[in-house]
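Chemist:
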Ligand code: AHG
Ligand code: MN
Ligand code: MN
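See the structure below:
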């Protein structure tokens, strides 16, 4: 049987679901950039790509060399093709303007160029997360594209995905009709469809959270996690297993493979930060993927995809994965 590459899958989407050609091109270009990032990540110490830059990003986090390289790879791959009106990245202060010498297009690309950077130097899976939005009508305005163009709720995403750089490099993609998984065949140089219809099991006995923050959590999360830990003799009457990779892509990938619940709750360490994860670059694309795979995603009180963003680098609490557990922890917030 012939293999279905990402390119062939996208062409079929154009034929069967009227996916616009420029959106198809956009996804192809992002996938090409992810191949380049995968290659850079795999070189490690051989190409001196590990370690820090000695700089901080807009969020006050130390930038790794690969954070900056991955960001540049994505910008350079996407700026010239005429499919984008602008880009925004976790690693950049402001919206990225398409240089005047290039044509502009209908879409906005938003990304976390390298997710899980604390894992790079220890050779644990990292990834790239991306989200595609339509650029709102600018009423003929030709000046710089402002941040407001990007501030659309997650329900407006036309596509979202992530690449995971692990034992295999994979690309997971949704365009609003299910979730497909492609594995990079390094000999062919192509992403090949290997996971046709990814579904998150509704129930689970596995959760992911950074337990070291327990003392900072709010009451509903304290209650919920203590019930998980109580196991069979507690109110939930089953034993739970725990995993925490500290790369959201890797934790979410596990949940898409065998179920589970991922949590990064609000905590009281820094009142200006309602959670750690970023709505635009992490929570929205992952929530779109998880919902398309039959799971659920909330911030404890509200569906993540319904949140109206107020700033580009906004952070949110995140509970996502198997429906039953997301609903349970969300209900505890409402009691
Ligand atoms: P990034 O490397 O893009 O800054 O993201 C790291 C995020 C996410 O991938 C992960 O789930 C979480 O931070 C881990 O946080 P802790 O180190 O606090 O566990
Ligand atoms: Mn991240
Ligand atoms: Mn990152």
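Residue numbers (our numbering): 959 to 1293.
Built from N, CA and C at the ideal position, the CB exists for glycine as well.
Small disclaimer: the values here were computed from a predicted structure and weren't measured.
Let me check you understand the geometry: is the CB of residue 1071 closer than 7 Å to at least one non-hydrogen atom of ligand 4?
Modeler: You won't find ligand 4 in this model; what it holds is ligand 1, ligand 2 and ligand 3.
Chemist: How close, in whole Å, do the beta carbons of residue 1044 and residue 1093 come, if the pair is a contact with beta carbons under 8 Å?
Modeler: In the chain shown, counting from the first residue as 1, residue 1044 sits at position 86. In the chain shown, counting from the first residue as 1, residue 1093 sits at position 135. Yes, residue 1044 and residue 1093 are in contact; Cβ-Cβ is about 7 Å, under 8 Å.
Chemist: Have a look at residue 1018 and residue 1162 and give me their C-alpha separation to the nearest angstrom.
Modeler: By one-based count along the chain shown, residue 1018 stands at place 60. By one-based count along the chain shown, residue 1162 stands at place 204. Answer to the nearest angstrom: the Cα atoms are 36 Å apart.
Chemist: What did DSSP end up calling residue 975 once you bin it into helix, strand or coil?
Modeler: As a working mapping, residue 975 is identified with position 17 in the chain shown. If DSSP states are grouped into helix, strand and coil, residue 975 belongs with the helices.
Chemist: What is the DSSP secondary structure of residue 1085, counted as helix, strand or coil?
Modeler: Along the chain shown, read from residue 1 onward, the residue named residue 1085 stands at position 127. It is a strand residue.
Chemist: Where do the ends of the alpha helix (DSSP H) carrying residue 1310 lie?
Modeler: Coverage of the chain is limited to positions 959 through 1293, which leaves residue 1310 absent and any answer about it impossible.
Chemist: I think residue 1119 touches residue 1265, with their Cβ atoms under 8 Å apart; what is that distance to the nearest whole Å?
Modeler: Within the chain shown, the letter at position 161 stands for residue 1119. Within the chain shown, the letter at position 307 stands for residue 1265. Not really, about 20 Å apart at Cβ, beyond 8 Å.
Chemist: To test your reading of the DSSP string, which unbroken alpha helix (DSSP H) runs of 4 or more residues are found completely within the segment 971 to 1057?
Modeler: With a minimum length of 4 residues, the continuous alpha helix (DSSP H) runs that stay inside the segment 971 to 1057 are 979 to 1001, 1023 to 1036.
Chemist: Are residue 1236 and residue 1106 closer than 8 Å when you measure CB to CB?
Modeler: In the chain shown, the residue the question calls residue 1236 occupies position 278. In the chain shown, the residue the question calls residue 1106 occupies position 148. No; because the gap between Cβ atoms is not below 8 Å, this pair is not in contact.
Chemist: Tell me the rounded alpha-carbon separation between residue 1288 and residue 1099.
Modeler: Start at 1 with the first residue of the chain shown, and residue 1288 comes out as number 330. Start at 1 with the first residue of the chain shown, and residue 1099 comes out as number 141. Taking the straight line joining both Cα atoms gives about 42 Å.
Chemist: Could you give the DSSP three-state label for residue 1122: helix, strand or coil?
Modeler: Indexing the chain shown from 1 puts residue 1122 at position 164. In the structure shown, residue 1122 sits in a strand (DSSP, three-state: E or B).
Chemist: Is the CB-CB distance between residue 1246 and residue 1055 below 8 Å?
Modeler: Position 288 of the chain shown holds residue 1246. Position 97 of the chain shown holds residue 1055. Result no, Cβ atoms of residue 1246 and residue 1055 do not sit closer than 8 Å.
Chemist: Between which two residues does the beta strand (DSSP E) containing residue 1164 stretch?
Modeler: Numbered from its first residue, the chain shown carries residue 1164 at position 206. From DSSP, the beta strand (DSSP E) with residue 1164 extends over 1164 to 1166.
Chemist: Pairing CB atoms from the segment 1257 to 1277 with CB atoms from the segment 1144 to 1155, are three or more of them under 8 Å?
Modeler: Contact between the segment 1257 to 1277 and the segment 1144 to 1155 is absent, because fewer than three Cβ pairs lie under 8 Å.
Chemist: Taking residue 1281 as part of the alpha helix (DSSP H), name the residues at either end of that continuous run.
Modeler: Against the chain shown, residue 1281 aligns to sequence position 323. Residues 1281 to 1292.
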